[in-house]
Structure formats: C-alpha cells, structure tokens
Amino acid sequence: GAGVSQSPSNKVTEKGKDVELRCDPISGHTALYWYRQSLGQGLEFLIYFQGNSAPDKSGLPSDRFSAERTGGSVSTLTIQRTQQEDSAVYLCASSLALFFQNEQYFGPGTRLTVT
Amino acid sequence: QKEVEQDPGPLSVPEGAIVSLNCTYSNSAFQYFMWYRQYSRKGPELLMYTYSSGNKEDGRFTAQVDKSSKYISLFIRDSQPSDSATYLCAMSPPNSKLTFGKGITLSVRP
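In the order they appear, the protein sequences are chains A and B. The first sequence lines up with residues 1 to 115 when you count with the working numbering. The second sequence lines up with residues 1 to 110 when you count with the working numbering.
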C-alpha cells in the first residue's frame, strides 16, 4: 500500500515568505507527527496529532510555526516569515495509534531552503 | 547534557566487518529503544525495536539495551555496501514522544 507522502519534495523560498508543507499519512493511521532534521542536529520533534487534535504545541520552535490536520488525514505545517535558520528537512510520520512507537512510518521529507 | 548522545562519526569499514553503533542516554524513564536507518534523501525506516533491557536479533542485526548503564548498541555482522546509511537511535518513555540521537553515517567499502 501507499506510504506516507509529503509535498513538495524540495522548496526554495526567500527570507520573509510564508511556506506550507503537506503530509499525507498512511490511510487509517490516526496519529501523525512532524519532525525537523537539520544538518548535524538529528531529528527534532515538533508536534503530534491524535485525530485532528494537537494537544501539545510546545515543540514548535516559535510562533511563526503552526500546523493543522483536517478530516483526520492530511496535515499542513505552515512557517510564516521564514528565516534562514528554518532551512532543514521537515519529516512527517504516522502510526496506527498515538505513540505506537514500533510502527511509526516516515515520509521522504520536504527539503526547505530559505535564501 | 543532552538526553540522547550518539557519536556523530562518520564511520568507514571494509565489507564483511562487524560494526558497532552506540548511544547513551540520561533519562531513566526511557523504556522503548529503536534503531532507524536513513538512506540519503529518504525518510528514516525502523530497523530494530526493543522494549526495556535485553538483546534482540534480526538476521545480521543485533540490538542490545543495558538500562543499568543507560547504553544501547546496534551490531551489524558481515556488513555490506548496502548497509551504507545514517543510523539513528531513538527512545521514549511509555506513551510519549521519541527522542532521537544525532545519527552516525556509516560507509561500507567494497
């Protein structure tokens, strides 16, 4: 079956512009997670969704970052007024149930470059 | 001190070598321990999963967890060029988010 998909695969934007990153999880997966992977920094947890609800937004780096999930499926991560330090690979993962750790499937990521 | 420490490498070995990858951690609440493999320009994929202490073997791969030392290891026997990738350790308490190491890039030379 289809895995987790993300779009775009690459995004180059100018500093100060807004960007939207999309994640389409595996069908039937109720939990969805966003991570950021910067060079030499490993994976940084950003936010998770159980259904459409995101109970804990404390992992988001600043108030320029927001995320939503509608219909219990597709999620969008929005970065407003992008800065150069936002350049990273943004990864999405999904699992059947929340924090079902051994079944967290990752998408290929969106590589964001802010110039 | 970071919650999870992983030697960033890189590591280069000849084909057929035994590879040992390690992580240390500080949070005694961690109960779930994973190793992910990430090929270039791809998302991480789960390689090994262990709950609490002990060993787990899957083909050429063995994962070990020593909770008394807060130390986990991944051993790769008879390493192959196809094993060349970045390996990330990850761990979590029950019902909580994963915390990842920074990853180590492994290159297996033919």
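Even for Gly, the Cβ is constructed at its ideal location relative to N, Cα and C.
Please compile the residues from chain B whose C-beta is within a distance smaller than 8 Å of the C-beta of residue i.
| i | result |
| --- | --- |
| L91 of chain A | G43, P44 |
| G40 of chain A | P8, K102 |
| F65 of chain A | Ordered by position in chain B, no residue passes the 8 Å Cβ test against F65 of chain A, which lies about 16 Å from the chain. |
Kindly list, in the order they appear in chain B, the residues whose Cβ is closer than 9 Å to that of residue i.
| i | result |
| --- | --- |
| G109 of chain A | R41, K42, G43 |
| F106 of chain A | Y36, Q38, K42, G43, P44, E45, L46 |
Does the beta-carbon distance from residue i to residue j come in below 7 Å?
| i | j | result |
| --- | --- | --- |
| C92 of chain A | Q37 of chain A | no |
| V89 of chain A | K15 of chain A | no |
| K11 of chain A | L112 of chain A | yes |
Using a C-beta to C-beta distance shorter than 8 Å, which residues of chain A count as neighbours of residue i?
| i | result |
| --- | --- |
| N22 of chain B | Result: empty, since nearest Cβ-Cβ is about 15 Å, beyond 8 Å. |
Tell me which residues share the same chain as residue i and place their Cβ nearer than 6 Å to its Cβ, disregarding the 5 neighbours each side in the sequence.
| i | result |
| --- | --- |
| R109 of chain B | P14 |
| K67 of chain B | S53 |
With a CB to CB cut of under 7 Å and the five nearest residues on each side skipped, what residues in its chain are close to residue i?
| i | result |
| --- | --- |
| D78 of chain B | G16, R60 |
| T24 of chain B | E5, K70, Y71 |
At which residues does the beta strand (DSSP E) containing residue i begin and terminate?
| i | result |
| --- | --- |
| V65 of chain B | 61 to 66 |
| F49 of chain A | 42 to 50 |
| R69 of chain A | 65 to 69 |
| I76 of chain B | 71 to 76 |
| Y25 of chain B | 19 to 25 |
| P14 of chain B | 11 to 14 |
| T82 of chain A | From DSSP, T82 of chain A is part of no beta strand (DSSP E); its letter is neither H nor E. |
| T110 of chain A | 110 to 114 |
So which residues on chain A does residue i lean against when the C-beta distance must stay under 9 Å?
| i | result |
| --- | --- |
| K56 of chain B | Under the 9 Å cutoff, chain A gives no residues; its nearest Cβ is about 11 Å from K56 of chain B. |
| N95 of chain B | L98, F99 |
| L88 of chain B | G42, L43 |
Tell me which residues of the region 59 to 82 of chain B have at least one Cβ-Cβ distance to chain A shorter than 9 Å, keeping chain order. Cβ contacts with chain A: none found.
Given a limit of 9 Å on CB to CB distance, which residues of the region 18 to 44 of chain A reach chain B? Taking 9 Å as the Cβ-Cβ cut-off against chain B, the residues of the region 18 to 44 of chain A that qualify are Y33, Y35, Q37, G40, Q41, G42, L43, E44.
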